[in-house]
Ligand SMILES: C[S@@+](CC[C@H](N)C(=O)[O-])C[C@H]1O[C@@H](n2cnc3c(N)ncnc32)[C@H](O)[C@@H]1O
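In the numbering used here, the protein residues as written are 3 to 308.
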């Protein structure tokens with residue numbers, strides 16, 4: 003629980019605890035700087051309770067098009083090629099993904115568009131689980147474009163104070179060993195060798211990772227996401243607040259003009275929604291749209307006349 007006191011003091015104490023927790027971990031300096039920046043922003047904004055701050059952020063987000071008001075551009079009736087469409091249907095039938103068919107098709111077409119537009123940058127996914135969405139991305143991209151997929155490839159990490167009851171209830175079921183997987187399968191978090199299974203899935207779908215510039219990176223996003231390589235598309239599917247926030251903070255500055263985030267869980271999990279609203283409120287140069295039921299956040303393209 004957070005200690006009582008002025009909101010900025012409370013945030014400072016959270017930061018202090020996190021800094022102590024992070025001691026000895028890679029990227030410590032940068033993470034500390036990010037947390038300190040969040041404190042400074044809050045101090046500049048004059049504080050306010052966390053609830054007030056979030057309510058204001060949500061109100062602002064709603065009026066600027068975030069929060070479900072932007073109309074969904076819909077999803078195409080089929081993916082861009084028969085091969086990708088067949089894979090979209092197959093990953094659903096084989097219970098390899100939590101995404102809906104429209105969301106998978108919209109993701110496939112989004113990757114196809116960035117290839118046609120020759121957008122520079124790599125593709126990243128944070129939250130791969132059984133690999134369904136990652137396989138669709140892999141089949142839609144050019145074989146040369148690097149694709150880095152981050153996941154625990156094990157049990158999902160615990161949520162935090164910023165996540166709501168919905169998340170904590172879901173996590174309690176998972177850690178109690180009571181979560182069932184898709185269609186009654188073993189829940190992916192309980193599998194012995196999820197990384198091995200996902201690697202084999204890429205082989206089965208004809209996109210072996212070692213021949214298609216694909217890297218599967220096991221571990222906590224907080225530990226494994228680093229670097230400054232430009233990003234064309236970031237598929238963020240990590241469910242919880244901190245899992246989402248770390249992606250926004252570390253991928254955001256690297257997204258190229260015209261590149262985008264696809265946020266899987268904005269309408270599903272409270273913590274993800276809070277992270278998106280906190281990060282993007284008062285941040286210029288991004289626009290929001292919906293495709294196939296998912297929130298897309300696009301960095302403004304460079305002005306050719308500038
Ligand atoms: C909903 S699943 C991803 C679903 C997948 N994209 C699909 O097609 O079904 C979320 C995944 O994110 C992972 N995850 C969440 N937070 C994480 C974190 N902080 N670090 C590493 N993995 C995380 C979970 O372990 C889980 O595998």
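Here a beta-carbon is modelled for each residue, glycine too, at the ideal position from N, C-alpha and C.
Mind checking whether the beta-carbon of residue i lies closer than 7 Å to any heavy atom of ligand 1?
i           : result
residue 130 : yes
residue 223 : yes
residue 153 : yes
residue 288 : no
residue 242 : yes
residue 100 : yes
residue 190 : yes
residue 163 : no
residue 135 : yes
residue 160 : no
residue 239 : yes
Out of curiosity, what's the CA-to-CA distance linking residue i and residue j?
i           : j           : result
residue 263 : residue 298 : 6 Å
residue 149 : residue 233 : 10 Å
residue 146 : residue 210 : 13 Å
residue 253 : residue 243 : 15 Å
Give the DSSP-derived three-state secondary structure of residue i in the structure shown.
i           : result
residue 91  : helix
residue 222 : coil
residue 292 : strand
residue 270 : coil
residue 111 : helix
residue 12  : Bear in mind that a pLDDT of 46 at residue 12, under 50, signals an unreliable position, so the number given afterwards is only what the model happens to contain. Correct three-state label for residue 12: helix.
Please classify residue i: is it buried, with 16 or more other beta-carbons within 10 angstroms of its beta-carbon, or exposed?
i           : result
residue 112 : buried
residue 303 : exposed
residue 161 : buried
residue 188 : exposed
residue 135 : buried
residue 246 : buried
Out of the options, point me to the one whose CA is closest to residue i's CA.
i           : options            : result
residue 74  : 224, 108, 80, 88   : 108
residue 256 : 83, 117, 125, 82   : 125
residue 121 : 296, 261, 266, 292 : 261
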